Amino acid sequence: MSWLVKTPFSKPGRSISEIELMDFLTLLLAFETGGLKLPRLLEEVAEGRVEAGDYVRGLALKYKVLERTVLDDYTALRKLADSTGSAWFADFLRGYSEVATTSGETARFVESYLEKTSLSLRMRLENMLKLVEGVYEGLMLAVFGLIALTVIPLTGVSTTFFSMVVVMAAILSYLIVLKISDNALTLSRLEHFASAILMSSTLVAILVKGGLLLHFTLVLATVILLSPRVRRLVRVERDVVGFLEEAFSMTRHGVTLDQVLHYVEFEDESLRLFKKTLLLGHEPGSLLDAFPALARMILRNLTTPLKYTPRHEKVSSHVLKFVELVSGARVGLEKKGFTYMVYSFIFPATVFVTYFLVHPMTAVAGYAMSLQEAKAIAYTAFFNTYLLAANISGIGLFRSWKTSLICIGALSAIILFPSL
């Protein structure tokens, strides 16, 4: 997780994100609903019977040691609070311990912390949109400046150098956006990895003879190979969100989650296998790892408590609230991303217009940048800014044929642009 995600829940060296904290508190609420307390959850995590993030797993192992030392659950929790590295989590442990030993209303206490965490996540997601806007607009200014310096000759500086700077600036912007938008859980690791490879490989278009066609072929092959797999992940997420909505609706009317599982029908084969595994009473284990991040979180939060409590209405309600938060952030990112995708067409147009206006004068002065060099600049500027915008939108290059075809069509037009 990025530093933007960790704050304010962590100090350097120890980290817990809002998402991981909500994940943990949702599981704890399920335990509380079944009459089980935080010490039991930490024991289950330490023994590996309940999946949790690295931060929580590390605390659970520490708690196990402390419990043996002090021989009291809640004294161990208070001592554990001193070594969390997170002021927020430490306050939660101390508060939970105090409530458990006084009023005993720990379930209500956990719900109040879930609400606080949800509010903090909402504020962070709202700030994320502003940060993404600043990063992309900064990239636009940088690219426009570099285009001007490249197409309009500057003595002693090659067009290759400036084109490489455009690529590096785009990659840096992509990494920043990736960190900022992590909480929105939009694209899969596969999509991020493929995008990073395609962006960095635009250097081939600059440095290698025939590089434009080579990179175009790479883009085309990647889209053809990855699109079916990525779209399957989208269908999985849609199926899982539908399951969550069914669970929320039916558990409110007294239907158990086991019965919801019998009722719901999944389209994807991997989800049907997951359902069959649960209904047979087995642990899903590594099956969850095959699902996209949001789907994985939903399924883990809904199904992990199955053997600990028959009641899931509160858990499904909080998970649905989290999904609605993420969905709202995704809508905002999608709108901005579509706008930026339109902006990306300005760059090749600027390159070619500037080139044809300046070329006759520079040729007379003894400086004549070739049309092929102008194409390389236009190609790298367009592709990197378009791909960044598509990823900001949450659609990426592989989830929609329309997005893919627009990109491929624009790249083809740049490559086939007629010579003077």
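To get the numbering used here, take the position in the sequence shown, counting from 1, and add 85.
Note that the Cβ used here is the ideal one computed from N, Cα and C, for glycine as well.
Just so we're clear, the structure is a prediction, and the values are computed from it rather than from any experiment.
| Asked | Found |
| --- | --- |
| Would you call the CB atoms of Met213 and Ile256 closer than 8 Å? | no |
| Considering Cα atoms alone, identify which of Ala161, Ser429, Leu114, Ala137 is closest to Ser102. | Ala137 |
| With a threshold of 7 Å, establish whether the CB of Leu387 neighbours any heavy atom of the ligand MG. | Among the ligands in the structure shown, none appear at all, so the ligand MG cannot be discussed. |
| Going by alpha carbons, who is nearest to Pro433 out of Ala475, Ser248, Val326? | Ser248 |
| Are the CB atoms of Ser273 and Leu482 nearer to each other than 8 Å? | no |
| List, from N- to C-terminal side, the alpha helix (DSSP H) runs of 4 residues or more that fit wholly inside the region 91-152. | 103-118, 123-131 |
| In whole angstroms, what separates the C-alpha of Gly339 from that of Leu391? | 15 Å |
| Between Val155 and the rest of its own chain, which residues show a CB-CB distance below 7 Å, the 5 nearest in sequence each way excluded? | Ala161, Lys164 |
| Please classify Lys360 as buried or exposed, where buried requires at least 16 neighbouring CB atoms within 10 angstroms. | buried |
| State the DSSP-derived secondary structure class of Ile480, mapped to helix, strand or coil. | coil |
| In its own chain, which residues sit with a C-beta less than 7 Å from the C-beta of Ala380, not counting the 5 before and 5 after it? | Val321, Glu322, Val325 |
| Have a look at Thr118 and Glu368 and give me their C-alpha separation to the nearest angstrom. | 21 Å |
| Give the DSSP-derived three-state secondary structure of Phe502 in the structure shown. | coil |
| Between the Cα of Thr394 and the Cα atoms of Leu112, Phe116, Lys421, which residue gives the shortest distance? | Phe116 |
| Among residues of its own chain, excluding the 5 on either side of Leu224, which ones have a beta-carbon nearer than 8 Å to its beta-carbon? | Ala254, Ala255, Ser258, Thr470, Leu473 |
| Going by other Cβ atoms of all chains shown within 10 Å of its Cβ, with 16 needed for buried, is Leu206 buried or exposed? | buried |
| Rounded to whole angstroms, what's the CA-CA distance from Ser401 to Phe333? Just pull it up for me. | 5 Å |
| Answer yes or no: do Tyr425 and Ile477 have a C-beta to C-beta separation smaller than 8 Å? | yes |
| Report back the beta-carbon spacing between Ser355 and Ala375 to the nearest angstrom; my notes put them in contact at under 8 Å. | 6 Å |
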